[in-house]
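Quick note, the sequence shown lines up with residues -25 to -1, 1 to 463 if you use mature numbering (1 follows the signal peptide of the UniProt record, and there is no 0).
Worksheet for the structure shown next.
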Amino acid sequence: MKTPSHLPLVGALGLALLAPLAAQASGYRFGTQSAAAEGTANSNGAEALDASTLFANPAGLTRLSGIRFSGVLDYVEPKVRFTDAGSFITSPESGLQPRPTSQPGNVQSPAGPAYVPHFYASYQLNDRMVAGFGTFVPWGAKLNYDENWGGRYNIQKVVLKSIAFNPNLAFKVTDELSLAGGLVAQYMEGEIKRAVPYASAYALGLLGAARQAAAAGAPALALELQQQAAQVFGNPAFDGSIAVDGKDWGFGFNLALMWEPVKDSTRIGLSYRSPVKQRLKGNGDWTQPANLPATVLAAIKAAPYDGAGKLDHNDSGASVSVRTPESLSTHIYQQITPTLALMADATWMRQSRLEQLRIDFDSSTPDSISPEHWKDTLRLSLGANWKVHKDLTLRAGVAREKSPVPSATRSPVLPDAHRTWTTLGANFIVGANTTVDFAVGLIDVKDAAMDITDDAEGETPCNCSKARVRGNYTSKANFFGLQLNHKF
């Protein structure tokens, strides 16, 4: 069924179900799964020192004897600051003047800290084969804007949680070459809340009544109704909200190889992780303001029967399709001296699959469309290990990571930009079979301007608010990693 283009719906709702922990990793990927890797800015994929190698390159498991466990706890502290540059809402079809949704200079700090655990294990089956298992967080989000901020019609709150279970089997084909493969079972759930400007529908109803009054020969009443429409439009007192949640399981696979042309000196690795397709299913809960006139509420709540005038903003089921991007990594480890090793990694992600996100409501409410037009990304990492004592190895790393988000479609749901990692780490041998890794790092995100209108890129019917959000983001993140490794 068709609804009028002026009536608001949910705009970029789908994107929020995929949003990242702001300032932590490009796209919506959670970028830290191992403290040992974090200390080298994720450049140590070919090091294969403990069970956490399963994430970067499980073929490295063949270097591990016995039974190994690695438990990881990450603390990420993103600092995101948005400064409004004059956001407003429009109604082109009404002829009403745009109304500001925020004062220029208003500041938002939507990102909060998070603790994230990961766990890995390996078991040597024989001289050639090692089984491994990992459970880790691949994607994550936590953003909370003020209820009345200038971009409230795009997003007020978003939370994304995910966990992946990844059994692997690694096989040493020759003394120089190892191969590995695994299955991925991924659970994801998300929720989002955003404001809905019912004042737009109210104002258009008043303008329609004004036209009827003018046609009936009541110009004074028509003028009064027009003035009321101008007062109502953009009034946040008539804001409602839409809250959507969803969850699902999805499945994929991973493949890897490790080649060691020079024993205990040079290793080269290649690792692939497949996309995971999921359809997050849940509920869409609409809330209308109590002060809406009954006639306006009826137009909002009633199901459309003739393609005009009714939104069917009733609670219903809702879903969004998600396909997480595949990744391909290549990495090298080189032992320069007995105490110094250098590492490098290049990771490509096929983010360009994400052209558009679409929320499907089980009711007659039309789909919500969010254009994205993402680009593929590449992360380049360099790192080093320096063994300063038989029980202490120091680590350092730098990385440069591109953002998949074009500036034209940057939204407050995903204020992403290019970033640089600078990290330090250490590995302590604390017992005959136990080591501890520490990592600390700074992720510096390039300042990013945002100027985006919730208009579904002109698609009709437009279930959107016609609100325009303008401002600038400054972002960075500190992270700390702790990892315990034990061999039985």
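Where a beta carbon is used, it is the ideal one built from N, C-alpha and C, also for glycine.
Taking the alpha carbon of Cys437 as the point to measure from, which residue in Asp419, Thr340, Ile418 and Met425 has its own alpha carbon closest? Residue mapping note: residue 437 aligns to position 462 of the sequence shown, counting from 1. Of Asp419, Thr340, Ile418 and Met425, the residue nearest in Cα terms is Thr340.
Gln458 in three-state terms, based on DSSP: Counting from one through the sequence shown, the residue named residue 458 turns up at place 483. Three-state result, Gln458: strand.
Since Lys256 and Gly209 are thought to touch, with beta carbons under 8 Å apart, how far apart are those beta carbons, to the nearest angstrom? By 1-based counting over the sequence shown, the position of residue 256 is 281. By 1-based counting over the sequence shown, the position of residue 209 is 234. Lys256 to Gly209, Cβ: 34 Å. No contact.
Suppose contacts are defined by Cβ-Cβ distances below 8 Å. Is Gly20 in contact with Gly244 by that definition? One-based indexing of the sequence shown puts residue 20 at position 45. One-based indexing of the sequence shown puts residue 244 at position 269. Contact: yes.
Report the three-state DSSP secondary structure of Phe30 (helix, strand or coil). Counting from one through the sequence shown, the residue named residue 30 turns up at place 55. Of the three classes helix, strand and coil, the one that applies to Phe30 here is helix, per DSSP.
Between the beta-carbon of Val91 and the beta-carbon of Ala116, is there less than 8 Å? Working through the sequence shown from its first residue, we reach residue 91 at position 116. Working through the sequence shown from its first residue, we reach residue 116 at position 141. Cβ distance not < 8 Å, so Val91 and Ala116 don't count as in contact.
Could you give the DSSP three-state label for Glu432: helix, strand or coil? Taking the sequence shown and counting its residues from 1, the one referred to as residue 432 is at position 457. Correct three-state label for Glu432: helix.
Pair every Cβ in the region 67 to 85 with every Cβ in the region 111 to 126, then say whether three or more of these pairs are closer than 8 Å. At 8 Å Cβ cutoff, the stretches touch.
Is the beta carbon of Ala321 less than 8 Å from the beta carbon of Ser304? Taking the sequence shown and counting its residues from 1, one reaches residue 321 at position 346. Taking the sequence shown and counting its residues from 1, one reaches residue 304 at position 329. Yes, the Cβ-Cβ distance between Ala321 and Ser304 is below 8 Å.
Compute the distance between the beta-carbons of Asp25 and Arg4, then report whether it is under 8 Å. The count along the sequence shown starts at 1 and reaches residue 25 at position 50. The count along the sequence shown starts at 1 and reaches residue 4 at position 29. Taking 8 Å as the Cβ cut-off, Asp25 and Arg4 do not qualify as a contacting pair.
Which residues share a DSSP beta bridge with Ser153? Counting from 1 along the sequence shown, the entry for residue 153 is found at position 178. Ser153 pairs with Lys147 and Met233.
Since Thr75 and Tyr50 are thought to touch, with beta carbons under 8 Å apart, how far apart are those beta carbons, to the nearest angstrom? Locating residue 75 in the sequence shown gives position 100, where the first residue counts as 1. Locating residue 50 in the sequence shown gives position 75, where the first residue counts as 1. This sequence places Pro at residue 75; Thr is not what is there. So it is not a contact: roughly 38 Å between Cβ atoms.
Taking DSSP's pairing of strands, which residues face Trp361 in a bridge? Position 386 of the sequence shown, counted from the start, is the residue given in the question as residue 361. Leu315 and Leu369, per the DSSP bridge assignment.
Thinking just about the alpha-carbon of each residue, which of Pro194, Pro113, Trp234 and Ala197 is nearest to the one in Asp150? Counting from one through the sequence shown, the residue named residue 150 turns up at place 175. The shortest Cα separation from Asp150 among Pro194, Pro113, Trp234 and Ala197 belongs to Trp234.
Element boundaries [beta strand (DSSP E), containing Glu52]: Along the sequence shown, read from residue 1 onward, the residue named residue 52 stands at position 77. Where Glu52 is concerned, the enclosing beta strand (DSSP E) stretches over Ile42 to Asp59.
Which of the three DSSP states is assigned to Ile275 in this structure? To locate residue 275, count along the sequence shown from 1; it is residue 300. In the structure shown, Ile275 sits in a helix (DSSP, three-state: H, G or I).
Alpha-carbon spacing of Thr428 relative to Ala442, whole angstroms: The count along the sequence shown starts at 1 and reaches residue 428 at position 453. The count along the sequence shown starts at 1 and reaches residue 442 at position 467. Going from the Cα of Thr428 to the Cα of Ala442 covers about 6 Å.
Segment contact flag, the region 205 to 224 with the region 164 to 184, C-beta cutoff 8 Å, min 3 pairs: Because the criterion of three Cβ pairs below 8 Å is met, the region 205 to 224 and the region 164 to 184 touch.
Short Cβ contact (8 Å threshold) for Ser97 with Leu36: On the sequence shown, residue 97 is found 122 positions in, with the first residue counted as 1. On the sequence shown, residue 36 is found 61 positions in, with the first residue counted as 1. Going by C-beta atoms, Ser97 is nearer than 8 Å to Leu36.
Inter-stretch contact (C-beta, 8 Å, three-pair minimum) for the region 442 to 456 and the region 50 to 69: yes
Report the rounded CA-to-CA distance for His288 versus Ser345, giving the unit in angstroms. Here the question's residue 288 lines up with position 313 in the sequence shown. Here the question's residue 345 lines up with position 370 in the sequence shown. Those two C-alpha atoms are separated by around 19 Å.
Under the three-state reduction of DSSP, which class applies to Val415: helix, strand or coil? Looking up residue 415 in the sequence shown gives position 440. Of the three classes helix, strand and coil, the one that applies to Val415 here is strand, per DSSP.
Test item: CB-CB of Asp351 and Ser327 under 8 Å: Here the question's residue 351 lines up with position 376 in the sequence shown. Here the question's residue 327 lines up with position 352 in the sequence shown. For Asp351 and Ser327, yes; Cβs fall inside 8 Å.
For Val207, which three-state DSSP category applies? On the sequence shown, position 232 is the one that residue 207 refers to. Note: Val207 maps to helix in three-state DSSP.
Which of the three DSSP states, helix, strand or coil, is assigned to Ser9? For this step, residue 9 is matched to residue 34 along the sequence shown. In this structure, Ser9 counts as coil in the three-state DSSP scheme.
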